[in-house]
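Student: What follows is a single structure, and I will ask about it in a moment.
There are 2 protein chains.
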Amino acid sequence: MSAAPLPLYEKVKHHVLRRIRSGEWGPGARVQSEHELVRELSVSRMTANRAIRELVQSGVLSRIAGSGTFVADLRSAGHPLQIRNIAAEIRERGHAHRAEVIAVDRIVAPSDIRARLKLRTRHVFRSIIVHHENDVPLQLEERFVDPAVAPGYLDVDFGAVTAHEYLMQVAPLERVEHVVRAVIPASRVARLLALGVREAVLLIERTTWSRGRHASFAFLHHAGGRFALRGVFDL
Amino acid sequence: MSAAPLPLYEKVKHHVLRRIRSGEWGPGARVQSEHELVRELSVSRMTANRAIRELVQSGVLSRIAGSGTFVADLRSAGHPLQIRNIAAEIRERGHAHRAEVIAVDRIVAPSDIRARLKLRTRHVFRSIIVHHENDVPLQLEERFVDPAVAPGYLDVDFGAVTAHEYLMQVAPLERVEHVVRAVIPASRVARLLALGVREAVLLIERTTWSRGRHASFAFLHHAGGRFALRGVFDL
DNA sequence: GGACGCAACCTGTATATACAGCCCTGCGGA
DNA sequence: TCCGCAGGGCTGTATATACAGGTTGCGTCC
Chain A
1 MSAAPLPLYE KVKHHVLRRI RSGEWGPGAR VQSEHELVRE LSVSRMTANR
51 AIRELVQSGV LSRIAGSGTF VADLRSAGHP LQIRNIAAEI RERGHAHRAE
101 VIAVDRIVAP SDIRARLKLR TRHVFRSIIV HHENDVPLQL EERFVDPAVA
151 PGYLDVDFGA VTAHEYLMQV APLERVEHVV RAVIPASRVA RLLALGVREA
201 VLLIERTTWS RGRHASFAFL HHAGGRFALR GVFDL
Chain B
1 MSAAPLPLYE KVKHHVLRRI RSGEWGPGAR VQSEHELVRE LSVSRMTANR
51 AIRELVQSGV LSRIAGSGTF VADLRSAGHP LQIRNIAAEI RERGHAHRAE
101 VIAVDRIVAP SDIRARLKLR TRHVFRSIIV HHENDVPLQL EERFVDPAVA
151 PGYLDVDFGA VTAHEYLMQV APLERVEHVV RAVIPASRVA RLLALGVREA
201 VLLIERTTWS RGRHASFAFL HHAGGRFALR GVFDL
């Protein structure tokens, strides 16, 4: 496929991975020290270090300074999924994205929202938007924003810019939490997403932090039959 | 909290992140070149390189060799979720894990399984196991394994070792794909998971590869009200 | 026999240097 | 005017070297 010669540090990574995959080194086993790799593979220590460091980062190995490098207990290694911006995802598939604004207003914060955002004020900004892919509803986005974080939120044209994009501009994103679950939709959600009778909803609850404070909380409802999260993990 | 002085490369990362968070550098903006960082921060190029490389890895920046380094278009930066081993997760919560074996057998492969595993044989190994947390069913695991990859699969005691753990031992894991969706459970699934009437199922379809071949395919059904995937992403 | 201390080994970080290959701009020639 | 090429800047990789600090085990001293 490609004639590109593998970088040396990649060869070192494969050298280690081969031994792990073959079962020669099981979970908890000691891996060659950097100095041993240097001698056996005739690479510099910096190259060996980079290879090992990247394998640690990917969860394959773990290191204890002063002690050694060990094969990680793979039972606890997680495989990542990615949550992407819905508008960008639709456009990358070459389809048309349209945002239908259901509501953008200022409401008295429900108690669960107050708690989740640790609100200090009585009111909260809310936007309800349905994202369509080729005019088929794909995501219902119900978002609550702390007015102190984004005072101009109610004036944004959400047909042109997504709430996420706007918040990124006005409030530097520091931290994001996602919780994903499957639910039976409330009738309001089923109607807005034009769901069939036997269709579930993939619900992502998304909380963001900015400048050390809670910034926004969102329910992202996805039609079960039309949306999936996908993740591939190599090694 | 800690008096540990931050490593230099971490300071460089913060230097760059601060400018991005403050809005000084928006998405697509050009970031200082490694040489400029070297001059301005009085670090070596290797240190600047490591800092930038790690920010690229985490999705904050993107680089084009020969051209420059740019703030990643955050609209497309994904935030990761982790899919973990269910038994380890339950035990880490301090709860009791029990695996109830419903079936372990060799069956004629259904056509969809044949296609997903790219099977060359007519038969496939199948295991159906319900994982309980404190005797409450949490996950229904229906797994199909290529007999050529794990010939001894039918003899495993799945009450003692999870299918995932066994496969890791006999077939070195090279690649994993996960697809997550929300579905309305079939009645068989609802019964085995002891689901309520208004409960959806979080379905993870998991495909693994080993030694360049498809190795296994699994449906992991999770009770909607008792299970969620959670991911936190900093920066 | 036990406790302390030191030496050997390990990882973690940092620097200076080098060369290859890609990208873009600007200049010069057709 | 337009095309092509050369050069400067940038990333990507690789090496040799250095020092700090944690860990472990062995040997000595009490």
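Just so you know, the sequences run in chain order A and B. For the first sequence, position 225 (counting from the first letter as 1) is numbered 225 according to my numbering, and the numbering increases by one without interruption. For the second sequence, position 75 (counting from the first letter as 1) is numbered 75 according to my numbering, and the numbering increases by one without interruption. All residues carry an ideal CB built from backbone N, CA and C; glycine is no exception.
(1) Using a threshold of 7 Å, state whether the C-beta atoms of A:Ala260 and A:Ser58 are closer than that.
(2) Would you mind telling me which residues of chain B sit closer than 7 Å to A:Arg198, beta carbon to beta carbon, in chain order?
(3) Indicate whether the contact test is met: 3 or more Cβ pairs, each with one atom in the stretch 126–135 of chain A and one in the stretch 103–111 of chain A, closer than 8 Å.
(4) Out of A:Ile20, A:Pro7 and A:Lys11, point me to the one whose CA is closest to B:Gln169's CA.
(5) Compute the Euclidean distance between the alpha carbons of A:His164 and B:Phe219, then round it to the nearest angstrom.
(6) Mind pulling the chain B residues with CB within less than 8 Å of A:Phe70?
(7) Quick check on the burial criterion: 16 or more other C-beta atoms within 10 angstroms. Buried or exposed for A:Asn85?
(8) As a quick exercise: from A:Arg143, A:Arg18 and A:Glu174, pick the residue whose alpha carbon is nearest that of A:His221.
(9) Run the proximity test for B:Leu167: is its beta-carbon closer than 6 Å to any non-hydrogen atom belonging to the ligand ATP?
(10) Give me the chain B residues within the contact set of A:Gln139, using Cβ-Cβ distance strictly less than 8 Å, ordered along the chain.
(11) At a Cβ threshold of 7 Å, is A:His79 touching chain B?
(12) Confirm, please, whether the CB-CB distance from B:Ala182 to A:Ala182 is below 7 Å.
(13) Closest to B:Phe217 by CA distance: which of B:His14, B:Ala29 and B:Pro110 is it?
(14) Closest Cβ-Cβ distance between A:Lys13 and chain B: below 7 Å?
(15) Please confirm whether A:Ala228 and B:Val179 have their CB atoms less than 7 Å apart.
(16) Pull up the distance between the alpha-carbon of B:His214 and that of B:Val145, whole angstroms please.
(17) Between A:Ser2 and the rest of its own chain, which residues show a CB-CB distance below 7 Å, the 5 nearest in sequence each way excluded?
(18) Taking the beta strand (DSSP E) that A:Asp73 falls in, what are its first and last residues?
(19) Name the chain A residues that come within less than 8 Å of B:Ala228, Cβ to Cβ?
(20) Taking just the CA atoms, how far does A:Pro137 sit from A:Glu89?
Tutor: This is what the structure gives:
(1) Chain A is shown only over 1 to 235; residue 260 of chain A falls outside these bounds and no answer can be derived.
(2) Ile184
(3) yes
(4) A:Ile20
(5) 32 Å
(6) Neighbours of A:Phe70 on chain B: none; closest Cβ ~16 Å, over 8 Å.
(7) buried
(8) A:Arg143
(9) Although the ligand ATP was asked about, the structure shown includes no ligands whatsoever.
(10) Those do not exist, as A:Gln139 stays about 13 Å from chain B at its closest Cβ, beyond 8 Å.
(11) yes
(12) Between A:Ala182 and B:Ala182, the C-beta gap is smaller than 7 Å, which places the two residues in contact.
(13) B:Pro110
(14) no
(15) yes
(16) 9 Å
(17) With a pLDDT of 37 at A:Ser2, under the threshold of 50, the modelled position of that residue is not reliable, and the figure given next carries that caveat. So no residue of the chain qualifies.
(18) It is not in any beta strand (DSSP E) - A:Asp73 carries neither H nor E in the DSSP assignment.
(19) Val179, Val180 and Arg181, listed in chain order.
(20) 14 Å
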